Structures are given as structure tokens and as C-alpha cells.
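J.: Structure incoming, see below.
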Amino acid sequence: MNGTRVVFPERERDVTMRVENTSEQPVLAQSWIDDGRVDVPPEQLQVPFVVAPALKRVEPGRSAVLRITHTPASLPGDRESIYWLNVLEVPASQKDSDNQLRFGFRTRIKLFYRPAAIADGVDAAPDQLVWKTAPASPGTGERHVVLEVANPTPYYVSFGKVESDAGGPFVSAGGGMVAPFGHARFALPGVVAAARKPATVRYMIIDDYGGRTTITKKLAN
1 MNGTRVVFPE RERDVTMRVE NTSEQPVLAQ SWIDDGRVDV PPEQLQVPFV VAPALKRVEP
61 GRSAVLRITH TPASLPGDRE SIYWLNVLEV PASQKDSDNQ LRFGFRTRIK LFYRPAAIAD
121 GVDAAPDQLV WKTAPASPGT GERHVVLEVA NPTPYYVSFG KVESDAGGPF VSAGGGMVAP
181 FGHARFALPG VVAAARKPAT VRYMIIDDYG GRTTITKKLA N
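Now the structure itself:
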């Protein structure tokens, strides 16, 4: 696909995504949108978006355009909503019809629905995050000090990488995402106590276009 995420502005009737076949044989591209339940069959999902075509044969070296349409369904108007676009590419049968599928691979990317009321302001969201350290929570399986981030904005913020020097040298806590007006926790492997004060956090954010920018901030505690 020609992107790492899809942003669907409320004011748009539809958005498109291009699927390219870089292999040496035809493939069938089956497309659908899920609500986070990755293992639920497409026919059992009820989501406010439709992808067309749902099944498309793509010749070697060619591409196909997927059109995503928002159906008449109510979504929150004060914050983003998230869904996932799936494309399952399987080799087309060499002798019969396009309806014959064989083993293939699946690509799954985020789809953000952005209400008109918050059309502007997403670029400023990453700087508004508030980070602090917190002890492991009993009963959660956490064993190490964690970074806790609070997101006071109406946007999802995605992280390619999060790291902190709260325990001394910088330690990576992996990547992830924090929801609008929500919190997220990132374990710092090997850090059993927050020794350094003041400590900092470095987080690499992924923007609407897949671009990556690293921000450094002091921890709130």
C-alpha cells in the first residue's frame, strides 16, 4: 500500500488508498475494515466504513485503487475514532477464475476518522503530551518502572519508539499509541527504580504521512 495509515476527514465523501503488486504473478487483493478485533471474519464486522472493490485482481507490476466510504453512522465529534484497513493479497489461480484463493499475506494499517470540529491542531498534539514515571501495577504482570503518558488532546498519537533515562542510561520502551484524552503505559526493561531526577523522555512520533519526528521532554515527576 502507498501509505502507513489512512486519515478520513469528516468533510470528505471518501478517501483512496493504492495497492501495488510488486510480485511476478497476479494477486487477488481482498480488502476490509475492522474495529480492532483482528481475528473476527470480515462478514461478522459492523463498521461505519465500506471498501470498494472488496476483491480485486491485480496484475504483476500494476496497482489498484481502493475507495473507502463512510456510511451513515454516528461517530464522536469531539475526538478521533480508530479503525483498521486490511488488505489480504493471495496469488491468483493460474487456470480458473479469480474466485480461487491461495495462501497469501495480510497488511493491516490504521484508519483515523477525524471530525470537522478538530480538523486543525493535530500537528501540535505530540508536544502537549505529559509524561511521568510510575511503579509497576500489582496484578498486571508489570515488573519494571513504567513511563505513563497522558494525552489531553482529541487526537491519537502514534509512537515509533519511546525511551527514557529515568533509570540511568536511556532505555527503550518500544512503540505504541495513546488514545484521545487517554493514558498509556510503557515498561522500561531492567529499570526497577526511577533513580535519575530530573529525567527525560524521547519519543518518536509518526505523523499523518508516515513521517517520523523525535521529541525530547522532561518527565513531570
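In this text, residue positions in the sequence shown follow full-length UniProt numbering: the first is 1, and each later residue adds one.
Think of the CB as a built atom: it goes at the ideal place given N, C-alpha and C, for glycine as much as any other residue.
For clarity, every value in this text was computed on a predicted model and none was experimentally measured.
#1: Counting only the same chain and skipping the five closest in sequence on each side, list residues whose C-beta sits under 6 Å from that of L75.
#2: Fully enclosed by the UniProt domain "Pili assembly chaperone N-terminal" (1 to 118), which beta strand (DSSP E) runs are 3 residues long or longer?
#3: Using 8 Å as the threshold, is the segment 50 to 58 in touch with the segment 119 to 131, meaning 3 or more CB pairs across them?
#4: Could you check which residue in I109, L88, V38 has the C-alpha nearest to that of I206?
#5: Would you report the Cα separation of T71 and A136, rounded to the nearest angstrom?
#6: With H, G and I counted as helix, E and B as strand and the rest as coil, what does DSSP make of V145?
#7: Beta-carbon within less than 8 Å of R5's beta-carbon, same chain only, minus the 5 sequence neighbours each way: which residues are those?
#8: Is it buried or exposed, N86, if we count other Cβ atoms within 10 angstroms and call 16 or more buried?
#9: Could you have a look at V122 and say whether DSSP puts it in helix, strand or coil?
#10: Please name the residue or residues paired with K197 in a DSSP beta bridge.
#11: Compute the beta-carbon to beta-carbon distance between V122 and F186, rounded to the nearest angstrom, for a pair I have assumed lies under 8 Å.
T.: Let's see:
#1: Taking the first residue of the sequence shown as position 1, residue 75 is located at position 75. Result list for L75: S81, Y113, in chain order.
#2: 5 to 9, 14 to 20, 27 to 34, 49 to 52, 55 to 58, 63 to 70, 81 to 91, 105 to 114
#3: no
#4: The sequence position of residue 206 within the sequence shown is 206, counting from 1. Among I109, L88, V38, the Cα nearest to that of I206 is on I109.
#5: On the sequence shown, position 71 is the one that residue 71 refers to. On the sequence shown, position 136 is the one that residue 136 refers to. Taking the straight line from one Cα to the other gives about 42 Å.
#6: The residue labelled residue 145 in the question sits at position 145 within the sequence shown. In this structure, V145 counts as coil in the three-state DSSP scheme.
#7: Taking the sequence shown and counting its residues from 1, the one referred to as residue 5 is at position 5. Scanning its chain for C-beta atoms nearer than 8 Å, with the 5 sequence neighbours on each side dropped, one finds around R5 the residues I109, K110, L111, F112, S158, I206, D208, G210, in chain order.
#8: Position 86 of the sequence shown, counted from the first residue, corresponds to residue 86. Burial call: buried.
#9: Residue numbering aside, residue 122 sits at position 122 when the sequence shown is read from its first letter. Helix, per DSSP.
#10: Within the sequence shown, the letter at position 197 stands for residue 197. According to DSSP, K197 bridges with nothing at all.
#11: The count along the sequence shown starts at 1 and reaches residue 122 at position 122. The count along the sequence shown starts at 1 and reaches residue 186 at position 186. Their Cβ separation, rounded to whole angstroms, is 22 Å, which puts V122 and F186 out of contact at 8 Å.
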